[in-house]
Each structure stands twice: as structure tokens, then as C-alpha cells.
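Chains as they are written, first to last, in our numbering: chain X, 7 to 284; chain E, 36 to 126.
Built from N, CA and C at the ideal position, the CB exists for glycine as well.
Data block below; observations after.
Written out as C-alpha cells, the structure reads:
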């Protein structure tokens, strides 16, 4: 990793944010017309090139070698991560209807180790690149923060529409949405008169962490553990909260290697008495 | 004019109809409509199932009283109530 890329590594709170919410947004800086040129090139494709989208639009290669992208992916997957062969250009044209909430398919041979759902680790991430501004009526990607920790029941999701705490990814041109592979997400309806492109990639972990692959500061451990126990991502039933907290800490420890957080008893209740309600 | 059934699926944070609503899906009795995520929506239509009942919706299905199954392979977020309203539609 170059010193430039090291400067873009995530910090403890950003990694905790990813574990809690399941997503992270990167905005690599490029020249003024870079993303509009990519958009124009995508518009000019006669058919969907599938996995060969980078051959059809070579400028896409530059995005994934940008230090801010390398830094974020190294932080989450280790510095020896790889880009999977599978990628897909989503063309969301005016009139496109909403997808159902879903977790992406596990039955793709490009997932090298063919793993199942991984609610306690980051083995692979989806990276969604948007070459144009995405407004709310242009079919933005919707996601449920924190849902990557749970395995969805697709039959039940078919009867769920808006979630109270859903995130609608209205983003600036050139933004990359990095998602835990198992997050519940959906493309939404495009009611505008504009085509919305999103090019999706898959990145994979190749080795287990021996040490944190991000800018780690062990003096923050107690505060981070507190965040993993208390921060809300989206409203859940109480029966899932303890499972959620356990999976968050286990995920952190799988990422951190030797710098694992230790669960130690500490008195969280001492302090001022509650005051009478006025 | 015909009386038709509107269906509102509302998931609560618990089986208590006064618990905060987590998600909603409105099924209108109109040909061609589907349940979609509305990215332009500002929150849910009702804060609780009880608020929907106050507004005239009638509960026709209560969530399974067994609640969540511990250590289940799959998770469902929220406890789903199904409500109906019978209204006149001008087809």
C-alpha cells in the first residue's frame, strides 16, 4: 500500500460505523468532467457488457485504484483484498419500478469460497458507483441500516414497503456506496425523466486479520465497545437487539485480529439518581 | 362505484399495537398497482398501529403471539399487523 493510500485508511469510528450500519460512502476526487464522461460512455453502449463493463468503459478502472477507495477497502477487507470477476451495470430508466427488499444472491460462482451469509465478519463487500447525481425520484438505492447482521426471509419481505429508518442513497455524481454483502437493499422506482446508472462491483477478503488494517487507536476501545452496544442503526424488536450487539462485537474482533475487544464487566449504572418527572 | 378492500401492512416494534411502527406497505385494490418503496416518502403514514386504527383502519390479522423464534435461521424485522379499510372506488 502506498503512503497516499495509507492516508485514506478509515479510523476506529468509521469502521464501527460500518459494522453498525453496514455501509460507507466514499467520494474520490476526479477532474470536473470525469464522471459525466463515464455517464456518456455508458449511454453509448449498445448492449449491457456484463462482466466486461470495464473493457467497454476503461475509465472505470481509475475509480478502483483511487487512494480513497483503496484505503476504505483495505480497512474493511485487509490490504490483500481482490476484485471479483463479477460486476454489473444497472441501467435504471424512467418508469423502472421498485425492487423488493433483498439480500444479494449467494449462488454466484464468482464468490470464490462460496460462503453463506456472514453476519459476524466482512468477507465481501458490494461497491456501487454512481456516475451522476442521484435525486430521490431517480431510483436511488434504498437500504436498511444494520440489516446485514440478519438473514432475511424473502417471502416476508415481499409484503414490506417503506421502513421507518431506511436510508435512501441520494448521492453526488462519483460517489461510491460500499455495502456489507448481506445488507438488505433495493433499487427504487425511477419516476424522473432521467436514466440513472449504477455500476456494481464485488470485492473479497483474501486473508484473516492479524492486526487492524485501519488507523486503529487502542485507547478508544472502551468507547468503541460502548458504541457497539448502544448505537441504534434501525428500529428492531427487542429480541434481536442482544443478537445484534453480539454480532457487532464479533465482527469487530474478526476484523481486528490481535486488537480484539474484551468483554469485561463494568458498572454502567452507577451515577446520579433519576430525577422526578415534572 | 364499488366497495373495495384496502390493505395496510404495518410492522410494529412489539406485538403491542401502540409500539412504534417500523415498516408499512399499502396494497390498493387497483389493477396494476404494486407495493413499492417510495424514496420520496417522509416517514411512515402512521407512528403506531393504534394511530391507524384511530384513523379508521381495522385490524384483520394480528402477529403470531409466539413472537420471534430464538436462534431462527431467518429473521423478520418487526411484528406484522394487517389492517383493512373498505372504501368506494370509482373504477
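* Which residues, in order along the segment 72-89 of chain E, keep a beta-carbon less than 7 Å from a beta-carbon of chain X? -> Those residues of the segment 72-89 of chain E that come within reach of chain X (Cβ to Cβ, closer than 7 Å) are 72, 73, 74, 75, 76, 78, 79.
* To do: Can you give me the start and stop residues for the alpha helix (DSSP H) that residue 69 of chain X sits inside?
  => Here the question's residue 69 of chain X lines up with position 63 in the first chain. Taken as a continuous stretch (DSSP letters only), the alpha helix (DSSP H) holding residue 69 of chain X covers 66-70.
* Asked: Hey, is residue 159 of chain X's beta-carbon within less than 9 Å of any beta-carbon in chain E?
  -> Along the first chain, one-based indexing puts residue 159 of chain X at 153. Closer than 9 Å to some Cβ of chain E, the Cβ of residue 159 of chain X qualifies, so yes.
* Under the three-state reduction of DSSP, which class applies to residue 105 of chain X: helix, strand or coil? -> Taking the first chain and counting its residues from 1, the one referred to as residue 105 of chain X is at position 99. Coil at residue 105 of chain X, not helix or strand.
* **Cβ-Cβ separation, residue 208 of chain X to residue 93 of chain X (assumed contact under 8 Å), whole Å** => As a first step, residue 93 of chain X must be located in the first chain, where it is residue number 87. As a first step, residue 208 of chain X must be located in the first chain, where it is residue number 202. Contact holds; Cβ gap of about 7 Å.
* Asked: At least one CB of chain X closer than 9 Å to the CB of residue 60 of chain E: is that the case?
  -> The count along the second chain starts at 1 and reaches residue 60 of chain E at position 25. By this cut-off, residue 60 of chain E is an interface position.
* To do: With a 10 Å radius around its C-beta and 16 neighbouring C-beta atoms as the bar for buried, classify residue 49 of chain X as buried or exposed.
  => Your numbering for residue 49 of chain X matches position 43 in the first chain. Exposed, since its Cβ has fewer than 16 Cβ neighbours within 10 Å.
* **Interface residues of chain X facing residue 95 of chain E [CB-CB closer than 7 Å]** => Taking the second chain and counting its residues from 1, the one referred to as residue 95 of chain E is at position 60. Within chain X, no residue has its beta carbon less than 7 Å from that of residue 95 of chain E; the closest one is some 14 Å off.
* Please decide whether residue 4 of chain X counts as near chain E, where near means a Cβ-Cβ distance under 9 Å. => With chain X running from 7 to 284 in the structure shown, residue 4 of chain X is simply not present.
* **Amino acids of chain E, ordered along the chain, whose beta-carbon sits closer than 7 Å to that of residue 162 of chain X** => As a position in the first chain, residue 162 of chain X is number 156, starting the count at 1. Residues of chain E passing the Cβ test: 111.
* Closer than 8 Å at the beta carbon, the chain X residues around residue 99 of chain E -> As a first step, residue 99 of chain E must be located in the second chain, where it is residue number 64. Against chain X, the beta carbon of residue 99 of chain E has no neighbour under 8 Å; the closest one sits roughly 12 Å away.
* Asked: How big is the Cα-Cα spacing for residue 41 of chain X and residue 86 of chain E?
  -> On the first chain, residue 41 of chain X is found 35 positions in, with the first residue counted as 1. On the second chain, residue 86 of chain E is found 51 positions in, with the first residue counted as 1. Taking the straight line from one Cα to the other gives about 46 Å.
* List the residues of chain E that residue 109 of chain X touches, going by C-beta distances under 8 Å, in chain order. => Within the first chain, residue 109 of chain X is the residue found at index 103, counting from 1. Within chain E, no residue comes near residue 109 of chain X; the closest Cβ sits about 10 Å away, beyond 8 Å.
* Checking contacts by CB at 9 Å: is residue 142 of chain X closer than that to chain E? -> Position 136 of the first chain, counted from the start, is the residue given in the question as residue 142 of chain X. Interface with chain E (9 Å Cβ-Cβ cutoff): residue 142 of chain X is included.
* Asked: Do the segment 210-217 of chain X and the segment 140-150 of chain X make contact, defined as three or more Cβ pairs closer than 8 Å?
  -> With the cut-off at 8 Å, the segment 210-217 of chain X and the segment 140-150 of chain X do not touch.
* Among the residues of its own chain, which have a CB less than 7 Å from the CB of residue 114 of chain E, if the five just before and after it don't count? -> In the second chain, counting from the first residue as 1, residue 114 of chain E sits at position 79. Non-local beta-carbon contacts of residue 114 of chain E in its own chain, meaning distances under 7 Å to residues more than five positions away in sequence, involve 46, 47, 49, 50, 98 in chain order.
* Would you give the residue range spanned by the alpha helix (DSSP H) that residue 256 of chain X belongs to? => Translated into the one-based positions of the first chain, residue 256 of chain X becomes position 250. Counting along the chain, the alpha helix (DSSP H) containing residue 256 of chain X begins and ends at 244-262.
* To do: Quick one: which residues of the segment 183-197 of chain X get their C-beta closer than 7 Å to a C-beta of chain E? List them in chain order.
  => Answer set for the segment 183-197 of chain X: 192, 194, 195.
* Any idea if residue 268 of chain X is buried or exposed, counting beta-carbon neighbours within 10 angstroms, 16 or more meaning buried? -> Counting from 1 along the first chain, the entry for residue 268 of chain X is found at position 262. Flag for residue 268 of chain X reads exposed.
* What residues of chain X sit near residue 108 of chain E, judged by a beta carbon separation below 8 Å? -> As a working mapping, residue 108 of chain E is identified with position 73 in the second chain. For residue 108 of chain E, the chain X residues whose Cβ falls inside 8 Å of its Cβ are 157, in order along the chain.
* Look at the Cβ atom of residue 109 of chain X, then the Cβ atom of residue 191 of chain X, and state whether they are nearer than 9 Å. => Here the question's residue 109 of chain X lines up with position 103 in the first chain. Here the question's residue 191 of chain X lines up with position 185 in the first chain. Yes. Within cutoff.
* Asked: Span of the beta strand (DSSP E) holding residue 45 of chain X?
  -> As a first step, residue 45 of chain X must be located in the first chain, where it is residue number 39. It is not in any beta strand (DSSP E) - residue 45 of chain X instead sits in the alpha helix (DSSP H) that spans 40-49.
* Looking only at DSSP bridge pairs, what is residue 133 of chain X linked to? -> Taking the first chain and counting its residues from 1, the one referred to as residue 133 of chain X is at position 127. X/184, X/207.
* Asked: Just how far apart, CA to CA, sit residue 218 of chain X and residue 205 of chain X?
  -> Within the first chain, the letter at position 212 stands for residue 218 of chain X. Within the first chain, the letter at position 199 stands for residue 205 of chain X. Spanning the two alpha carbons is a distance of roughly 29 Å.
* Close-in-space but distant-in-sequence residues of the same chain around residue 170 of chain X (CB under 8 Å, 5 per side omitted) -> Sequence index remark: in the first chain, residue 170 of chain X carries index 164 (1-based). The residues are 240, 241.
* To do: Output, in chain order, the set of chain B residues within a Cβ distance shorter than 7 Å of residue 243 of chain X.
  => No chain B appears in the structure shown, which is made up of the protein chains X and E.
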